[in-house]
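Residues in the sequence shown are numbered from 370 upward in steps of one, following this note's numbering. Cβ atoms here follow ideal geometry from the backbone N, Cα and C, with glycine treated the same way. See structure below.
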Amino acid sequence: MAENGLASRLYNGEAGLNIVGRRRLWFGVAGVLVLIAILSFSIRGFSLGIEFAGGNSFQVPASVGTLEDAEREVNSALAAENTGVTVATTQKVGGPGGDSYELRTPQLTAEQATAVKAQIAEDLGINVDQISDNQVSEAWGSQVTERALLGLVIFIALVMVYLILRFEWRMAVAAVASLITNLILTAGIYSLVGFEVTPSTIIGFLTILGFALYDVVVVFDKVQENTRGITANNNQTYAEASNLAINQSLMRSLNTSVVALLPVGGLLFIGAGLLGAGTLKDLGLVLFVGMAVAFLTSILVATPLLALLKNYDPRIQAHNKRVLTRRGAVGRGEVTGKGAAASPVTQADATDEPVDPDAAALAGAAPKVGARPAGKRPTGARGGRPGGGGNRPGGAKRR
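Listed below in structure tokens is the structure:
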């Protein structure tokens, strides 16, 4: 029983999951999720860090107590100076002089920042020189965003060129569409949940592109292997061969994703959660979410989209119709053939176009290439030549 389990069948590529055949379902789900993400961008927006929204940060020694104690005292100082703001984020950071707490607030004037710093020192009972404060302009965040967008455009352009040279333009389009879907969905999760966007988040977004591309290339390489010379036989449609490639590479993609997510999860949950290394949280969070989404989009979006694009190729359309026509003829008992059994991919999914029944019947009844005509065989030893003659036994001997 264990040998026939799902894990064993996945490992051997024999699970028979009908992923390409149900591409309308995956496209519909992906479309709804992308729409929700875009609406969240427009309505809710993002929770921007002070690097993007502008603000002030105060660092106090960790010796003053817990992080909660420091946050409470800073909020008290902000209220005492009538700033109208409260602490936005807090984290524990390390440095040459020991651990400290960094508390970030919305934008303050220079006079307010100085007064709040003095009030914090008084409330905590420490010297004002032990507190450091910094002011960050939102212009710096804008520059980071512009550079990140420029890097994204260059990356996508290079990816398109590589995939066109390595595979073909349809695979390039499908891969880039999967990457963009991955970015939109990851950003949508950030917007919906309210995760803070920092420069580390931007770096993480650019990092997950490489992982997502690797996952897509692994599957596409198997698709190319399965579909090489596919039009020379009538056993499989392009969609079926692509679906088989997904099943054969699914366990490899799953193992790669799990192995990649384990250290990232350790970085996020142990480093940021248990050890309190707040600087690791932003990077670990976007990597964890982005890699998980990349695995799903590479399987459920990239290859089904590739199969859809290939079905618009006239050569693949003609091949798909030949395969389905032959299967129909085999099902009616008109011809017999090896490998004519239908796979989980349906006729509509394989071609996306209806097949003409009359053409199917004619094609099913047509003789194979190289077959002899179906008439009476001529009599005689050599196709119509008289049987008597020559040097064969029984022939008339010429004198």
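For Ile639, the number of other beta carbons within 10 angstroms of its own is below 16, and it is reported as exposed. Judged by beta-carbon spacing, Leu656 lies within the 8 Å limit of Thr576, meaning their Cβ atoms are closer than that value. Below 8 Å, enough C-beta pairs join the stretch 395–403 and the stretch 667–674 to call them touching: three or more.
Cβ contact annotation for Ala482 (same chain, cutoff 6 Å, sequence separation greater than five): Asn425, Asp502, in chain order.
Shortest Cα-Cα distance from Gly697 to any of Ser622, Val443, Asn603 involves Asn603. Contact check for Val692 against Gln605 passes: the beta carbons are separated by less than 8 Å.
Considered as a whole, the stretch 402–442 harbours 419–422 as its complete alpha helix (DSSP H) runs of no fewer than 4 residues, in chain order. The C-alpha of Asn387 lies about 9 Å from the C-alpha of Ile615. A straight line joining the alpha-carbon of Phe664 with that of Ala508 spans about 35 Å. About 7 Å separates the Cβ atoms of Pro430 and Ile495, confirming a contact at the 8 Å cut-off. The DSSP-derived three-state label of Thr606 is coil. DSSP, read as helix, strand or coil, puts Glu515 in helix. By the neighbour-count criterion, in which 16 or more other beta carbons inside 10 Å mark a residue as buried, Pro683 falls on the exposed side. The C-alpha of Leu436 lies about 22 Å from the C-alpha of Gly563. Taking Gln476 as the centre and dropping the five residues before and after it, the same chain places the C-beta of Gly423, Gly424 closer than 6 Å to its C-beta, in chain order.
As a beta-bridge residue in DSSP terms, Tyr470 pairs with Val429, Lys461.
Under the DSSP assignment, Gln504 falls in the beta strand (DSSP E) whose first and last residues are 501–505.
Here the stretch 400–417 lies against the stretch 548–559, with 3 or more beta-carbon pairs under 8 Å apart. If you check the CB distance, Leu652 and Gly573 come in under 8 Å. For Arg441 and Val530, the gap between their C-alpha atoms comes out near 54 Å. Between Ala546 and Gln488 a beta carbon distance of about 54 Å is seen, past the 8 Å cut, so the two are scored as non-contacting. As DSSP reads the structure, Val389 sits in no beta bridge. Scanning the stretch 520–580 from its first residue to its last, the whole alpha helix (DSSP H) runs of 4-plus residues come out as 538–562. Leu631 is positioned such that its CB atom lies no closer than 8 Å to that of Ala661.
In the DSSP assignment, Pro475 falls outside any alpha helix (DSSP H), carrying neither H nor E.
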